[in-house]
Structures are given as structure tokens and as C-alpha cells.
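*Asks:*
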Amino acid sequence: MTVREYLDKRRVAAYIALFVGFGIVGLAGVCAGCLPGFIVIIGIVVGVGGALYLNYGLRCPKCNGMVAYAVAWPMDKFIYISDSIKLCPFCGVKMDEEIGDGK
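Mind the numbering: the sequence shown is residues 8 to 110 in the numbering used here, read in order.
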């Protein structure tokens with residue numbers, strides 16, 4: 008698995024949590040009162056958790072540097088990391104370099 012695939016996998020999971028969480032909140036808003044309050048709170052927690060992970064949780068598997076902002080803005084791909092990002096901004100590891108099986 009490459010560094011890019013490692014980060015893509017975590018980024019996709021965070022987007023799924025974000026969309027599912029806020030989808031639950033949106034569904035509760037549309038059908039006012041059809042969902043119990045605790046499900047709405049769970050939706051908020053899951054959605055905010057996904058958003059926070061996208062902003063602060065994506066870390067380089069080699070140096071543990073926070074690469075979330077570096078990989079977030081070049082948006083030629085919506086969910087996946089852009090091909091224009093070649094290196095980790097902290098340790099310089101190539102995004103297409105293989106990492107160990109332990110990660």
C-alpha cells in the first residue's frame with residue numbers, strides 16, 4: 008500500500024462519516040419529529056467527528072505530520088488526494104512510495 012492509498016482510505020472513511028452524519032440530521036429536519044432526539048445527536052456527533060478528522064486527523068504514516076490541510080485543497084479529485092501532491096510537506100516521503108504492512 009502506498010502513502011497515497013493509506014491517506015485516501017482514511018479520507019474516504021471520514022467523508023462517509025461526514026455525509027452519513029449530516030444526512031441523518033438533514034433527514035430529521037425534513038421530517039420534523041420522525042426521528043428520536045438521540046439519533047439526531049448521534050448524527051451530529053458522527054458528522055462533526057468526520058469533519059474534524061478531515062481537518063486534523065489525517066497524518067503521514069512515516070513522520071506522523073498533520074497533512075490534512077496540505078492534501079485538502081488541491082481538488083482535481085473530490086474525495087481522493089490529488090495527483091499533483093507528490094511529497095509529504097514534513098518529511099518529504101513520496102506519496103507513491105510503498106509503506107510497510109503494519110500500517
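Positions of the beta carbon are idealized from the N, C-alpha and C atoms, including for glycine.
It should be emphasised that the depicted structure is a prediction, and the values quoted were computed from it without experimental measurement.
#1: What is the DSSP secondary structure of Leu94, reduced to helix, strand or coil?
#2: Within 10 Å of its beta-carbon, does Ile88 have 16 or more other beta-carbons around it, so buried, or fewer, so exposed?
#3: Tell me, please, which residues DSSP counts as bridged to Met102.
#4: Would you call the stretch 76 to 85 and the stretch 29 to 47 touching, i.e. three or more CB-CB distances under 8 Å?
#5: In chain order, what residues of the same chain lie with their CB nearer than 7 Å to the CB of Ala75, ignoring the 5 residues before and after it?
*Replies:* This is what the structure gives:
#1: To locate residue 94, count along the sequence shown from 1; it is residue 87. DSSP places Leu94 in strand when its eight states are reduced to three.
#2: Reading the sequence shown from its first residue, position 81 is the one you call residue 88. Label assigned to Ile88: buried.
#3: Counting from 1 along the sequence shown, the entry for residue 102 is found at position 95. According to DSSP, which records beta bridges pairwise, Met102 is partnered with nothing at all.
#4: Verdict: no, contact absent.
#5: Start at 1 with the first residue of the sequence shown, and residue 75 comes out as number 68. Excluding sequence neighbours, Ala75 sits near Leu61, Asn62, Tyr63, Gly64 and Leu65.
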